[in-house]
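>
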Amino acid sequence: MCSRVRPHLRRWHRYVTTCKTMSGTLASTVASICDSM
Numbered sequence: 726m727c728s729r730v731r732p733h734l735r736r737w738h739r740y741v742t743t744c745k746t747m748s749g750t751l752a753s754t755v756a757s758i759c760d761s762m
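Take the position in the sequence shown, starting the count at 1, then add 725; the result is the number in my numbering.
(1) Tell me whether MET762 sits in a helix, a strand or coil according to DSSP, three-state version.
(2) To which residues of the same chain is LEU734 closer than 7 Å at the C-beta, ignoring the five residues directly before and after it?
(3) Please work out which residues of its chain come closer than 6 Å, Cβ to Cβ, to ILE758, disregarding the five sequence neighbours upstream and downstream, and give them in chain order.
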């Protein structure tokens with residue numbers, strides 16, 4: 726059971742990290758666009 730779940734958790738963690746990074750980049754991009762306007 727554990728050996729089957731662990732790779733899935735690792736993949737999920739990577740997915741969550743990617744989402745956070747993308748949303749953070751998106752937020753900073755929107756902020757910089759608002760600042761330039």
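Every residue, glycine too, gets a C-beta built ideally from N, C-alpha and C.
According to the data block:
(1) Per DSSP, reduced to three states, the secondary structure at MET762 is coil, with no helix or strand assignment.
(2) None.
(3) Cβ neighbours of ILE758 beyond the five flanking positions: none.
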